[in-house]
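In the numbering used here, the protein residues as written are 210 to 321.
Step one of this worksheet: look at the structure below.
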């Protein structure tokens, strides 16, 4: 299946995940960019911009906590949703994917 047939297209400014919501999925950016935003009291803090190939929302796979940030599209973005069962199966099948996933998580923790 061509990449252009996968995922959902989000238009500029459209919310993909919302801070405070519950989820057990992660999201992979197939095309475009997204912005990660944190809302604190009456303030909105821009955390980072993620590009094609990046993923977000991974904490929902490992714990039952609410989303820690909001993510919205910058321009048009195509994003694939991956549920917990599918991700865990793929990580078992492909050790290199598991290693890449752990390296990305480790790098993100260093930045906190």
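No residue lacks a Cβ here, since even glycine has one placed at the ideal position from N, Cα and C.
The model shown is predicted, which means the values in this text are computed figures rather than measured ones.
* Asked: In this structure, what does DSSP give as the bridge partners for residue 264?
  -> Position 55 of the chain shown, counted from the first residue, corresponds to residue 264. Bridge partners of residue 264: 237.
* Buried or exposed (CB count within 10 angstroms, at least 16 for buried), residue 286 -> As a working mapping, residue 286 is identified with position 77 in the chain shown. By the 10 Å Cβ count, residue 286 comes out buried.
* Between residue 220 and residue 288, what straight-line distance do the alpha-carbon atoms span, to the nearest angstrom? -> The residue you call residue 220 lines up with position 11 of the chain shown. The residue you call residue 288 lines up with position 79 of the chain shown. Using only the alpha carbons, I get a separation of about 11 Å.
* **N- and C-terminal bounds of the beta strand (DSSP E) containing residue 215** => Position 6 of the chain shown, counting from 1, holds the residue named residue 215. Premise fails: residue 215 is in no beta strand (DSSP E) and is neither H nor E.
* To do: Name, in chain order, the residues that DSSP records as bridge partners for residue 287.
  => Within the chain shown, the letter at position 78 stands for residue 287. The partner list for residue 287 (beta bridge, DSSP) reads 218, 240.
* To do: Specify the secondary structure class of residue 317 as computed by DSSP and reduced to three states.
  => In the chain shown, residue 317 corresponds to position 108, counting from 1. Here residue 317 sits in helix by DSSP.
* For residue 281, three-class secondary structure by DSSP -> What you label residue 281 is simply residue 72 of the chain shown in a count that begins at 1. Residue 281: strand per DSSP, three-state reduction.
* Segment contact flag, the region 229-240 with the region 268-280, C-beta cutoff 8 Å, min 3 pairs -> yes
* Asked: Does DSSP put residue 228 in a helix, in a strand, or in coil?
  -> Numbered from its first residue, the chain shown carries residue 228 at position 19. Residue 228 falls in the coil class under three-state DSSP.
* Nearest-angstrom Cα distance between residue 246 and residue 217? -> Stepping through the chain shown from its first residue, residue 246 is reached at position 37. Stepping through the chain shown from its first residue, residue 217 is reached at position 8. Approximately 20 Å between the Cα atoms of the pair.
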